[in-house]
Amino acid sequence: MKMLVLELYNYREWTEILGNDREWKIQLSQHSLVSKLLERSSQIGGILLPMRYDLLLIPSDGLRKSSLMNLLRYSSRLSPVAVRACLGYGKNPQKAQEEGYKCVKNLDPGQFRLDSYPDSNVVVAHFDLNGFTDLTFRTNVYDSFVEAQKFYMDILSTTYHLGGVAQYMGGDNIVAFLSEEEIDQVASIVENNPRIKVGIGVGVNARDALRKATKALTEIRKERRGVWKILQE
Numbered sequence: 306m307k308m309l310v311l312e313l314y315n316y317r318e319w320t321e322i323l324g325n326d327r328e329w330k331i332q333l334s335q336h337s338l339v340s341k342l343l344e345r346s347s348q349i350g351g352i353l354l355p356m357r358y359d360l361l362l363i364p365s366d367g368l369r370k371s372s373l374m375n376l377l378r379y380s381s382r383l384s385p386v387a388v389r390a391c392l393g394y395g396k397n398p399q400k401a402q403e404e405g406y407k408c409v410k411n412l413d414p415g416q417f418r419l420d421s422y423p424d425s426n427v428v429v430a431h432f433d434l435n436g437f438t439d440l441t442f443r444t445n446v447y448d449s450f451v452e453a454q455k456f457y458m459d460i461l462s463t464t465y466h467l468g469g470v471a472q473y474m475g476g477d478n479i480v481a482f483l484s485e486e487e488i489d490q491v492a493s494i495v496e497n498n499p500r501i502k503v504g505i506g507v508g509v510n511a512r513d514a515l516r517k518a519t520k521a522l523t524e525i526r527k528e529r530r531g532v533w534k535i536l537q538e
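Add 305 to the 1-based position in the sequence shown for my numbering, that's all there is to it.
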């Protein structure tokens, strides 16, 4: 599987020159950059995973190398600091990002390395916490947020051991990128946990897989039977 690792080089050093009244400036810069890169990533069939904001991941199976290079050039024009990036490859998304980051650390600022690797299907598991809307009404803004973060950490820990890469998407929505070999494991985990359900999408690229995963989750909600569903076609 392939994962593009993008680093904003010396980002911390840049934030420190902004003065003490800087946190709002940092947040504004981060969210503006991510918003623009997310839109551009979706246009080429991808998705951007912000991670730490100075380190970003783009699942890259099914994406043309020329499209990724154009995206990186675009990111360089937007970023307040130099960008360096490398395409990693591994048996699962976690291993791919690990290899990609090893490569990134050996690059000069402004350098990109996109080696050629075979494409794999992209697998996305879209998790949902049952009764989250009711929980929010029964409690309050912050308590419901805390519960969502606990849910995220549970999914993060579980999918980490499966070689997956998870991302919090807001509300009670969490997505995890996995290898096809782990689909049965994900279904088994959900079957044994009455609090959650999951839609699983298998696609030619990240956007395709995400669309199918979300559609599968929507169908579970409508049908009100079962706790997991896979869409591949």
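For each residue, glycine too, the CB sits at the ideal point set by N, CA and C.
Check	Outcome
Do you know how far the Cα of Ile349 is from the Cα of Ser372?	7 Å
Looking at chain C, is there any beta carbon in it that lies within less than 8 Å of the beta carbon of Leu313?	Protein chain content of the structure displayed is limited to a single chain, and chain C is not contained in it.
What is the residue span of the beta strand (DSSP E) that Tyr422 lies within?	Premise fails: Tyr422 is in no beta strand (DSSP E) and is neither H nor E.
Extract the residue ranges of the alpha helix (DSSP H) inside the stretch 364-445, only unbroken runs of 4 or more that lie entirely within it.	370-383, 398-409, 437-443
Can you give me the start and stop residues for the beta strand (DSSP E) that Tyr358 sits inside?	Careful: Tyr358 lies outside any beta strand (DSSP E) and carries neither H nor E.
Report all residues from its chain with a CB closer than 6 Å to the CB of Pro414; omit the five preceding and five following residues, and keep chain order.	Tyr314, Ala387, Arg389
Measuring only the C-alpha atoms, how far is Arg529 from Asn411?	51 Å
Between Val428 and Leu362, is the Cβ-Cβ spacing less than 8 Å?	no
Report the residue ranges of all beta strand (DSSP E) runs contained in full by the stretch 487-525; include only those spanning at least 3 residues, in chain order.	501-508
What does the alpha-carbon distance come out to for the pair Ser425 and Lys307?	8 Å
Once DSSP output is grouped into helix, strand and coil, what is the label at Ile479?	strand
Would you call Asp326 buried or exposed, if buried means 16 or more other Cβ atoms sit within 10 Å of its Cβ?	exposed
Please report the straight-line C-alpha distance between Ser340 and Lys370, rounded to a whole angstrom.	22 Å
Name, in chain order, the residues that DSSP records as bridge partners for Ile535.	Ile505
Starting from Leu338 and walking both ways along the beta strand (DSSP E), at which residues does that stretch end?	Unbroken run through Leu338 is the alpha helix (DSSP H), 328-348; no beta strand (DSSP E).
What span of residues does the beta strand (DSSP E) with Tyr473 cover, start to end?	470-473
In the DSSP assignment, find the unbroken alpha helix (DSSP H) run with Glu321 in it and report its ends.	316-321
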